[in-house]
Amino acid sequence: MLVADQYARNSETFTMNFLQLSAQDEAMLAGEKGTAVQMAMRILTTMAQVYGAERLLDIESAHIDGCLYHGDSGLAFAERLVAGGAQVRVPTTLNVGAIDLLHPEHFQGTPQLAERAARLMQAYQGMGCWPIWTCAPYQARHRPALGTHIAWAESNAIIFANSVLGARTNRYGDFIDICMALTGRAPAVGLHLAENRRGQWLFLLEALPERLRREDVFFPVLGYFLGAQVQAKIPVITGLLPETTEDQLKALGAAAASSGAVALFHAVGVTPEAPTLADAFQGQPPERTIPVTLADLRQTLAKLSTVADGRVHVIALGSPHFSVDEFAALMPLLASHPIHPEVEFIVCTNRLVLPMLQKRGWLAPLQAMNVRLVVDTCVVVAPIVRHRGGVLMTNSGKFAHYAPGNIGFDVVFGSLEECVRSAAQGSVWRDATLWSD
Amino acid sequence: MSAYTFQAQVLVGGTAVGQALVLPEPLSLWGGLNPETGEIIDRRHPSAGQVVTGRVLLLPAGRGSSSASSILLEAVRQGTAPAAIITAEVDGILALGAAVAREMYDRAPPVLVLLPEEYAQIHEGDQVQVMADGLVVCQNNER
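Sequence lines, in order, name chains A and B. Per numbering that gives the first Met the number 0, the first sequence starts with residue 0, numbered consecutively. Per numbering that gives the first Met the number 0, the second sequence starts with residue 0, numbered consecutively.
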């Protein structure tokens, strides 16, 4: 998405010296703000030239994905920055790490891995980032305003910030995210520019049953379908109901950013840059128009599971991290369908949610019902699940996408109620009405 | 023997010499390259089993996750990286991995982009030299 096609190839020099730096950029590059900022600015300007940017622009916040341990070189990079006096210049939140720092006993990996993963988290915290360790920072008090420039990493956070909040970020990732936080600057390309936020493909949902369009389980399936269709283009949806919730849009975006490289979608009448169809397309016609059918969604639903309905070993909820509202839906289901003793039931959430659960009187019952609450991390990025293989059931399109490759589980996808009732009986329970005509 | 010279677009500059390893399909280094051995480990990729270390790696494009930059950085640290990387379209993720490697380890494979028709003229096994200004000299013994 970062506009390779915008790069203007200069046949004379090929040196890409289109980038104009401000006096402050030059000062950072010259080392006047310390060696860490200098290194960050060197990497940032190299990348700005790769993307053909003519200038850098100010960002208002950052969200960092680099705090998840992938190997020693990433740790060396972060510790080099810390040694160079790195401090972020804009409010910056941290994505998940590999360790639940509040419940380190959840970690099933080696002590050596745990030590390095914790060191990496500490390094990023030491740079002045807010240690909220969540993939849903937008539900942990980090809510950039409409139209503001931000530099966010983590695919679901990116698509949510762009689409639901109307803030502006490209798809950033490891290394470049912290370089932007340390300099407060980003290349002025891609989705930072209004003209690149125009919708491209139009998807019509009006033919789908309205009943289905109210169901939570509809949204990850729709998202997974859209992502696979558009890959890196910007989809526009009509026919989402005005009462669509934030958690439903969160699930849609996370799934679309798993099956495709989607960084922005517009839902007409729902998301802020699409009050009307004309706004979503900036007055231009869609490149393609695609009516979505129930058959399309049933096909996508089938792709989200890798194994036929049968025994279930693990239930994993909370990708993106579970919100308080999602817990509110979970509590009564669990009360009427207690978990089978052989089923591992895990919910990933952010640490700010714990005191809210406590306040509502839900924390003790969850613990009594053998629900493992995991914060700061998640089951597809770290060794958390105790079962060694088997079948994992989830209501998350993102977990369903990544669990087979990342942690070697077969996956069954279902609604929240299907997950809880399957947990109760130890094998998949289906609500036959959900996807019927 | 024939020699061709191309002017590439330089994403991350440097010099290198090596034998061309041409991948027929894009590759995601994340899940596609083992940085401990330099081997291509994506079993669904037609070049699975090949070793990129010291080769001038030609691939149409990168693919997939932004974590690919971490893998390239790790390959440089472990001495298993390609000598240079040449693509047929701009790939920011590969460039980022090389840019960070240059900072961390003072060495990095140059990352260059050729026009698709130029890219297509370099073949498996050709001897390829990359100059600091982005000049690519390709020698082929058979044509």
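Note that CB positions come from ideal geometry on N, CA and C, so glycine has one too.
Asked	Found
Evaluate the contact criterion for the region 52-60 of chain A versus the region 93-109 of chain B: three or more CB pairs, one atom per stretch, below 8 Å.	no
Can you list, in chain order, the stretches of the alpha helix (DSSP H) that have 4 or more residues and sit fully within the region 242-277 of chain A?	245-258
Per DSSP, what kind of secondary structure is A:P403 in: helix, strand or coil?	helix
Could one say the Cβ of A:R79 lies closer than 9 Å to chain B's Cβ atoms, at least one of them?	yes
Between B:V99, B:V75, B:A15 and B:P81, which has its C-alpha nearest A:L43's C-alpha?	B:V99
So the alpha helix (DSSP H) A:D409 belongs to, where does it begin and stop?	Run containing A:D409: none in the alpha helix (DSSP H); it sits in the beta strand (DSSP E), D409 to F412.
I want to see whether chain B comes within less than 9 Å of A:A150, judged by CB atoms only; does it?	no
Would you call A:G96 buried or exposed, if buried means 16 or more other Cβ atoms sit within 10 Å of its Cβ?	buried
Go ahead and pull the three-state DSSP assignment for A:Q86.	coil
Do we get a CB-CB distance below 9 Å when we pair A:V269 with the residues of chain B?	no
Between the region 214-227 of chain A and the region 254-261 of chain A, can you find at least three pairs of beta-carbon atoms closer than 8 Å?	yes
Taking A:L145 and A:G165 to be in contact with their CB atoms under 8 Å, please state how far apart those CB atoms are, rounded to whole angstroms.	4 Å
Taking C-alpha atoms, which residue in A:L333, A:I338, A:Y401 and A:E209 lies nearest to A:D436?	A:E209
Indicate the three-state DSSP secondary structure (helix, strand or coil) for A:C178 in the structure shown.	helix
Unbroken beta strand (DSSP E) runs of length 3 or more, entirely within the region 65-138 of chain B: which are they?	83-86, 110-112 and 126-129
B:I39 bridges to which residues according to DSSP?	B:L32
Starting from A:Y123 and walking both ways along the beta strand (DSSP E), at which residues does that stretch end?	Here A:Y123 belongs to no beta strand (DSSP E); instead the alpha helix (DSSP H) covers P110 to G125.
Mapping DSSP to helix, strand and coil, what is A:Q230?	coil
Measuring only the C-alpha atoms, how far is A:H69 from B:W29?	10 Å
When burial is assigned at 16 or more other CB atoms within 10 Å of the CB, is B:A131 buried or exposed?	exposed
When you compare the CB of A:I98 with every CB in chain B, is at least one pair closer than 9 Å?	no
With the cut-off set at 9 Å, would you say A:A402 and A:V379 are in Cβ contact?	yes
With 9 Å as the threshold, decide whether the Cβ of A:M40 is near any Cβ in chain B.	no
Can you list the residues of chain B that A:G404 reaches, using a CB-CB cut of under 8 Å?	G30
Round the Cβ separation of A:A266 and A:I236 to the nearest angstrom and send it over; I've been treating them as touching at under 8 Å.	5 Å
Should the region 305-313 of chain A be regarded as contacting the region 341-361 of chain A, the criterion being three or more beta carbon pairs within less than 8 Å?	yes
Report the rounded CA-to-CA distance for A:Q366 versus A:A26, giving the unit in angstroms.	54 Å
Excluding sequence positions up to five away, which residues of its chain have a Cβ less than 6 Å from the Cβ of A:F321?	V346 and T348
I'd like to know whether the C-beta of B:P109 is nearer than 9 Å to at least one C-beta of chain A.	no
Per DSSP, A:R54 forms a beta bridge with which residues?	A:Q19
Any idea what DSSP makes of A:T34, helix, strand or coil?	helix
With 16 as the cutoff for other CB atoms within 10 Å, does A:S21 come out buried or exposed?	exposed
Mind the definition here: the region 80-93 of chain A touches the region 27-41 of chain A only if three or more C-beta pairs lie below 8 Å; say whether that holds.	yes
Please classify A:M40: does DSSP put it in a helix, a strand, or coil?	helix
Step through the CB atoms of chain A and report whether any lies within less than 9 Å of the CB of B:E73.	yes
Is B:N140 buried or exposed, if buried means 16 or more other CB atoms sit within 10 Å of its CB?	exposed
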